[in-house]
Amino acid sequence: MRFGVLTGLYVGVVVMAQVGTNKIVDVPLTGLTAPGGTFLIGIALSMIEIAHRTAPSRREGFVNAQVMVACGWAASVILAGYLAILNVMSPDDPLFDRLAGTWRIVAASLLAFAVSETIDNSLGTWMRDRVHDAWRVVGTNAISVPLDSILLVAFGSLDFIKGQIVVKYAATLLVGVPLVLVLRRYVRPR
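With our numbering applied, the sequence shown corresponds to residues 2 to 191, in that order.
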């Protein structure tokens, strides 16, 4: 049950990130810009580390985290497909046209999910019980954040990579680490 709730939260974060990515925003205090969904990716990557605590062994924790990644991946595809269908049903809505352009974002995200989140999960699995959870989140995201950003070059521009990396690291430190430290106690199997 706890793993199901965690997976639902993770899927919600991933889907919100997909929608938010349609808007390019100014990153406060930096002079940089990034897709709006970037603010949630550092949190999503951190949530993978929480999944490791939902099982008694490293191997089972890895499997649980991969199930979460697969659910986020599937939800992204469903969202993009649904928006594309709605857009065809009412083609003369410029605001919705932009939102329905989520396919481009999902295609890039699917590649990023497959690579960066699996690497994040693999590193986190190896680090479980060897490194404090806060350092584990920072360490895994140190690898997966830039990898995720580089793989998202599907936006057609390198202009946002610096902003993406800054925002993902900030989200990791300000929200992801505290989230992992609080939730790790509640997701442990009994």
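The beta carbon of each residue, even a glycine, is placed where N, CA and C say it ideally should be.
Fair warning: this is a prediction, and the values are worked out from it, not measured in the lab.
CA-to-CA, the gap between T39 and A172 works out to about 9 Å. In terms of Cβ geometry, T34 and D160 form a close pair [threshold 9 Å].
Your pair T8 and V68 checks out as a contact, with CB atoms roughly 7 Å apart and the cut at 8 Å.
The stretch 69-82 makes no contact with the stretch 130-143, as fewer than three CB pairs between them are under 8 Å. The beta carbon of T55 sits closer than 7 Å to the beta carbons of R3, F4, L7, G62, N65, V188, P190 from its chain, once the five residues preceding and following it are set aside; these are given in chain order.
Counting other Cβ atoms within 10 Å of its Cβ, V12 reaches 16 or more and is therefore classed as buried. In this chain, P190 is not harboured by any beta strand (DSSP E), its DSSP state being neither H nor E. For M48, the CB contacts under 6 Å within the same chain, skipping 5 residues up- and downstream, are Y11 in chain order. The bridge partners DSSP lists for V14 come to none. Per DSSP, D149 is one residue of the alpha helix (DSSP H) stretching across 134-152. For D94, the three-state secondary structure derived from DSSP is coil. Counting along the chain, no beta strand (DSSP E) covers A56, and no H or E run does either.
Between G43 and K169, the gap from beta carbon to beta carbon is short of 9 Å. Spanning the alpha carbons of T22 and P36 requires a straight line of approximately 5 Å. Around the Cβ of V183, a 10 Å sphere holds fewer than 16 other Cβ atoms; the residue is exposed.
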